[in-house]
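Per the working numbering, residue 13 is the first one in the sequence shown, and the count goes up by one each step. One structure is given below, encoded as structure tokens.
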Amino acid sequence: MRNLSWHKIHPSFKLNGIHYPFDELLEVGYSLIKEGIPFEKSIGDFLVEWGMDTPVVMVQTSGSTGTPKDISLTKEHMVNSALSTGSYFNLQPGDTALLCLPCSSIAGKMMLIRALVLGLELDYVEPSSTPLSGIGKNYDFSAMVPLQVEKSLTQFDQIKTLIIGGASVSLELREKLKTIPAQCYETYGMTETITHVAVKAIQNSKLKIENSENPKVEQSNGRTIQQSNFSALPNITFSQDNRGCLVIDAPKISDKPVVTNDIVALHSETEFQWLGRFDSVINSGGVKLIPEQIEQKIAPLVAARFFVVGIPDETLGQKLVLVIEGEETDSSELLQQIKSLKDLEKYEVPKDILYSSTFFETTSGKVDRLKTQGRILG
Numbered sequence: 013m014r015n016l017s018w019h020k021i022h023p024s025f026k027l028n029g030i031h032y033p034f035d036e037l038l039e040v041g042y043s044l045i046k047e048g049i050p051f052e053k054s055i056g057d058f059l060v061e062w063g064m065d066t067p068v069v070m071v072q073t074s075g076s077t078g079t080p081k082d083i084s085l086t087k088e089h090m091v092n093s094a095l096s097t098g099s100y101f102n103l104q105p106g107d108t109a110l111l112c113l114p115c116s117s118i119a120g121k122m123m124l125i126r127a128l129v130l131g132l133e134l135d136y137v138e139p140s141s142t143p144l145s146g147i148g149k150n151y152d153f154s155a156m157v158p159l160q161v162e163k164s165l166t167q168f169d170q171i172k173t174l175i176i177g178g179a180s181v182s183l184e185l186r187e188k189l190k191t192i193p194a195q196c197y198e199t200y201g202m203t204e205t206i207t208h209v210a211v212k213a214i215q216n217s218k219l220k221i222e223n224s225e226n227p228k229v230e231q232s233n234g235r236t237i238q239q240s241n242f243s244a245l246p247n248i249t250f251s252q253d254n255r256g257c258l259v260i261d262a263p264k265i266s267d268k269p270v271v272t273n274d275i276v277a278l279h280s281e282t283e284f285q286w287l288g289r290f291d292s293v294i295n296s297g298g299v300k301l302i303p304e305q306i307e308q309k310i311a312p313l314v315a316a317r318f319f320v321v322g323i324p325d326e327t328l329g330q331k332l333v334l335v336i337e338g339e340e341t342d343s344s345e346l347l348q349q350i351k352s353l354k355d356l357e358k359y360e361v362p363k364d365i366l367y368s369s370t371f372f373e374t375t376s377g378k379v380d381r382l383k384t385q386g387r388i389l390g
């Protein structure tokens with residue numbers, strides 16, 4: 013059984029400065045489980061699970077679009093995913109990486125696997141909203157969620173390449189990231205695709221100047237992609253179903269195509285623009301509205317968390333409303349500002365503004381729109 017792909021630990025792999033061959037993974041894992049603090053126990057659990065001969069790993073989906081569920085992923089596919097990420101970002105043995113995501117999630121697990129497979133020198137810290145606090149070391153590669161990025165903007169001279177996932181990157185955060193020295197990428201993926209299958213560069217100021225006459229961004233790995241588009245990782249192609257939703261063909265990480273509920277504009281078999289979720293489309297008087305596109309347009313006007321949704325209406329079928337987190341205030345001025353937006357079509361203007369003191373969240377920290385809407389409507 014020792015010829016299994018996940019038994020091959022790269023000789024350059026280090027965990028917190030120490031190299032461990034495969035035969036020691038179980039011992040390290042058990043030690044973390046027994047003696048570690050809570051976040052280290054999840055690292056230990058995964059190292060033990062990875063060290064077993066069982067060819068699959070059980071993981072839980074995020075619950076972003078429904079109830080979280082347990083699914084199995086093959087270790088061979090997880091190795092292939094790590095190799096694909098390494099190829100795209102040109103990660104080399106001995107490169108340093110920071111793990112600041114919980115290993116209870118697929119994102120944290122994959123940071124460990126990338127280190128094991130690619131030979132990265134991985135340090136881990138307790139997951140928090142400020143992962144770089146108190147760290148003086150520089151790293152070649154790391155992965156964070158948007159909240160962590162928002163809280164670490166003044167410290168990104170310590171990270172060379174940063175991938176951002178778990179939630180969409182807001183326009184406000186995207187603009188802030190254009191001024192930092194790290195090369196940042198928004199990722200697209202899900203638990204079923206073993207994290208990201210596509211990435212989108214967030215162009216920093218230096219690249220913006222160098223490419224001022226070219227709407228495309230030249231990546232260090234030789235790919236050229238539109239700033240607004242996601243570009244596929246190696247050995248992955250895209251198509252659409254009859255709903256206009258993305259279909260992912262990734263034979264090295266999934267035994268069958270993955271059909272999503274994400275509406276996209278497909279530009280090629282390796283490049284797409286994400287538009288929104290099929291299951292959140294609003295049919296208002298026969299006009300189909302994509303909430304995510306409307307939210308992007310009105311985001312500069314709303315400081316608090318918000319979303320738009322369709323609620324039952326006798327005339328229109330569904331009426332577009334804006335839901336804002338916070339205490340109710342006079343909405344007339346905000347509605348007038350929204351109506352004045354030049355790029356907002358008249359049918360994209362909310363008919364009303366509703367308020368919720370707090371938003372429900374999924375287990376992964378995303379806004380639970382359906383649950384929040386249910387509370388507002390009673």
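Note that the Cβ used here is the ideal one computed from N, Cα and C, for glycine as well. Everything numeric in this text was worked out from a predicted model, so none of it was measured.
Item to check | Cβ separation of residue 288 and residue 302, assumed to be a contact under 8 Å, to the nearest whole Å | outcome: On the sequence shown, position 276 is the one that residue 288 refers to. On the sequence shown, position 290 is the one that residue 302 refers to. Rounded, the Cβ-Cβ distance is 4 Å, consistent with contact.
Checklist entry - How big is the Cα-Cα spacing for residue 31 and residue 166? => result Walking along the sequence shown from the start, residue 31 turns up at place 19. Walking along the sequence shown from the start, residue 166 turns up at place 154. Rounded to whole angstroms, residue 31 to residue 166 spans 31 Å at the Cα level.
Next on the checklist: Suppose you measure from the CA of residue 13 to the CA of residue 34; what does that come to, to the nearest Å?
Outcome noted: Mapped onto the sequence shown, residue 13 falls at position 1. Mapped onto the sequence shown, residue 34 falls at position 22. A caution first: residue 13 carries a pLDDT of 41, below 50, which makes its placement in the model too unreliable to give a value.
Checklist entry - So what does DSSP say about residue 382, is it helix, strand or coil? => result Translated into the one-based positions of the sequence shown, residue 382 becomes position 370. Helix, per DSSP.
Checklist entry - Can you list the alpha helix (DSSP H) stretches of 4 or more residues lying completely in the region 105-181, in chain order? => result 118-130, 158-162
Item to check | Same chain, Cβ closer than 6 Å to residue 311, neighbours up to 5 away in sequence not counted | outcome: Position 299 of the sequence shown holds residue 311. Closer than 6 Å at Cβ, skipping near neighbours: 183.
Checklist entry - For residue 210 versus residue 284, is the C-beta distance shorter than 9 Å? => result As a working note, residue 210 is residue 198 in the sequence shown. As a working note, residue 284 is residue 272 in the sequence shown. Cβ distance < 9 Å, so residue 210 and residue 284 count as in contact.
Item to check | DSSP-derived helix/strand/coil call for residue 101 | outcome: The sequence position of residue 101 within the sequence shown is 89, counting from 1. In this structure, residue 101 counts as coil in the three-state DSSP scheme.
Item to check | Of the listed residues 155, 90, 318, 341, nearest to residue 108 (C-alpha basis) | outcome: Stepping through the sequence shown from its first residue, residue 108 is reached at position 96. It is 155.
Next on the checklist: As a quick exercise: from 315, 359, 268, pick the residue whose alpha carbon is nearest that of residue 333.
Outcome noted: In the sequence shown, the residue the question calls residue 333 occupies position 321. Among 315, 359, 268, the Cα nearest to that of residue 333 is on 359.
Checklist entry - How many angstroms separate the CA atom of residue 190 from the CA atom of residue 168? => result For the purposes of this step, residue 190 is identified with residue 178 of the sequence shown, where counting begins at 1. For the purposes of this step, residue 168 is identified with residue 156 of the sequence shown, where counting begins at 1. The alpha-carbon atoms of residue 190 and residue 168 are separated by roughly 12 Å.
Checklist entry - What's the C-alpha gap between residue 369 and residue 215? => result Within the sequence shown, residue 369 is the residue found at index 357, counting from 1. Within the sequence shown, residue 215 is the residue found at index 203, counting from 1. The alpha-carbon atoms of residue 369 and residue 215 are separated by roughly 35 Å.
Next on the checklist: Contact defined as beta carbons within less than 8 Å: I believe residue 207 pairs with residue 70. What is the distance between those atoms, to the nearest angstrom?
Outcome noted: On the sequence shown, residue 207 is found 195 positions in, with the first residue counted as 1. On the sequence shown, residue 70 is found 58 positions in, with the first residue counted as 1. Wrong, their Cβ atoms sit about 16 Å apart, outside the cutoff.
Checklist entry - If you compare alpha carbons, which of 180, 114, 270, 132 is closest to residue 379? => result Start at 1 with the first residue of the sequence shown, and residue 379 comes out as number 367. That would be 180, whose Cα lies nearest to the Cα of residue 379.
Checklist entry - Hey, how far is the Cα of residue 97 from the Cα of residue 36? => result Position 85 of the sequence shown, counted from the start, is the residue given in the question as residue 97. Position 24 of the sequence shown, counted from the start, is the residue given in the question as residue 36. Rounded to the nearest angstrom, the two C-alpha atoms are 25 Å apart.
Next on the checklist: Could you tell me the alpha carbon to alpha carbon distance between residue 337 and residue 372, rounded to whole angstroms?
Outcome noted: For the purposes of this step, residue 337 is taken as the residue at position 325 of the sequence shown. For the purposes of this step, residue 372 is taken as the residue at position 360 of the sequence shown. Residue 337 and residue 372: Cα-Cα distance of roughly 10 Å.
Item to check | residue 114 versus residue 329 - alpha carbon distance | outcome: As a first step, residue 114 must be located in the sequence shown, where it is residue number 102. As a first step, residue 329 must be located in the sequence shown, where it is residue number 317. Rounded to whole angstroms, residue 114 to residue 329 spans 43 Å at the Cα level.
Checklist entry - In angstroms, rounded to a whole number, what distance separates the CA positions of residue 389 and residue 51? => result As a working mapping, residue 389 is identified with position 377 in the sequence shown. As a working mapping, residue 51 is identified with position 39 in the sequence shown. So the alpha carbons of these two residues sit roughly 38 Å apart.
Item to check | Secondary structure of residue 49, DSSP reduced to three states | outcome: If you number the sequence shown from 1, residue 49 lands on position 37. Coil, per DSSP.
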